[in-house]
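Under our numbering, think of the first position of the sequence shown as 1095, with each following residue one higher.
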Amino acid sequence: MPDLFSPYTLKSVTLRNRIAMSPMTMYRSVDGRMNDYHVMLMGSRAAGGFGLVFPEQLAITPDGRTGIHCGGIYDDSQMEGLSRVTAIVKAMGAVPAVQLGHTGRKGSELKPWEGKLQIAPDHPDGWQVRGPSAIAYGGRYTFPVHELSIGEIKEIHRAYALAAQRALDAGFEWLEMHFAHGYLGASFFSPLANQRTDAYGGSLENRLRFHREALDAVRRVWPERLPLTIRLGSDDFNEQGILFDDAVWAVGELKKHGLDLADLSLGLNTDAIKGTPFNQEAFMVERGARVRREVGIAVAVSWNLGIPAVADRVIREESIDLVFLGRPALSNPHWPVWAAHELAHENPYSLLPEDWSWWLRNRPGSEGSLGWPATVNR
């Protein structure tokens, strides 16, 4: 029976445990480049025991960024920073993963703490956002959307392939494509955003065409020996949008195109949502278990899994294969080691690099002197 700290192998890649640091946009890039901040962030989480470590979603084109301070993988000048990130993650014993994406009609925006409003296309820091149809998202996303031509869709697929090649050259060993959270892939899948009448719109089959062709483009350059995964927007919580049954079918179709694992999240293609379980513990796990069971594919989920006992239980029950942690990874760089203490793991420090582990195991000091909370099991 697996547990949270069991190794996990997918294709030729073995993770030291089932804990992943989820991609999180940090708004610290200049011209899309990773820098010392990203080396620190990803390196410290790898050193803290995470098995799989992602930087933020990396945009495949300049207009695929959330804002001008977001990371990219569309220019060779970005390769040095990306290579530094993969090198430190590997040196600390984790596997470096990359998430490729395009924000579509939800791009060109201010930082969240500056209001997160969409910036006008003619502003120096803004651009013309693009999507499957000329339908603005609404709410704080108010500017017109350019409807992609078929030729422009093909260019985006080529951009995915070029980004995948750069990711490989930079040393990433796990690739995820971001088709969730109202970004470009999610908006093609959802009838709330996609009202095209050509081969990329209308039927569920057609609305998944963007994903299939993007996956095929990446699969042609990404080695078969390395995992190829997606983050799929699996529910819009709006009866006119994506329904979870649609997502189950979609994962099965994408499996035929070389998909190795489904990272299930939300569609978020509209603010007009109801019945959202955002405050419920581990609310994506039951959905993930259904996809794992019915499609026969490896599954990861995130959302409210930061309690160690909960994260361990969903792995032991074999509901999902990997636990993705976002904010818990920000709040505690050593979350895996803390979780191991909480769960009475026989050797919590074995999750750390050998040099750190040796000092912590062999020089324990006086009671409480290592700084762990008093509640941890010893």
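Ideal Cβ positions, reconstructed from N, Cα and C, are used throughout, including at glycine.
Counting C-beta atoms within 10 angstroms of its own C-beta, residue 1448 has fewer than 16 neighbours from the protein chains shown and is therefore classed as exposed. Nearest C-alpha to residue 1184 among 1166, 1202, 1146, 1460: 1146.
Across the structure, residue 1154 and residue 1464 are spaced so that their CA atoms are roughly 43 angstroms apart. Just measuring C-alpha positions, the residue of 1439, 1287, 1127, 1168 sitting nearest residue 1258 is 1168. Contact between the stretch 1398-1409 and the stretch 1433-1445 is present: three or more C-beta pairs spanning the two stretches fall below 8 angstroms. In the structure shown, residue 1115 adopts extended strand secondary structure according to DSSP, grouped into three states. Of all alpha-carbon atoms in 1238, 1281, 1227, the one lying nearest the alpha-carbon of residue 1202 is that of 1238. In the structure shown, residue 1435 falls within a helical segment according to DSSP collapsed to helix, strand and coil.
Taking 8 angstroms as the cut-off, the beta carbon of residue 1347 is found closer than this to the beta carbon of residue 1302.
The stretch 1335-1383 is shown to contain whole alpha helix (DSSP H) runs of 4 or more residues at 1338-1349, in chain order. Taking one beta carbon from each stretch, the stretch 1258-1278 and the stretch 1184-1197 have 3 or more pairs nearer than 8 angstroms; the two touch.
In the DSSP secondary-structure assignment, residue 1191 is bridged to 1268. The DSSP-derived three-state label of residue 1257 is helix. In this structure, residue 1143 places its C-beta atom within 8 angstroms of the C-beta atom of residue 1428. With fewer than 16 other beta carbons inside 10 angstroms of its own, residue 1214 counts as exposed.
Nearest neighbour of residue 1413 by Cα position, chosen from 1440, 1152, 1382, 1157, turns out to be 1382. Between residue 1294 and residue 1304 a beta carbon distance of about 6 angstroms is seen, short of the 8 angstroms cut, so the two are scored as contacting. At a Cβ-Cβ threshold of 8 angstroms, residue 1393 and residue 1366 do not count as neighbours. Annotated three-state conformation of residue 1289 is coil, per DSSP. Its Cα nearest to that of residue 1311, the residue 1254 stands out among 1459, 1176, 1254.
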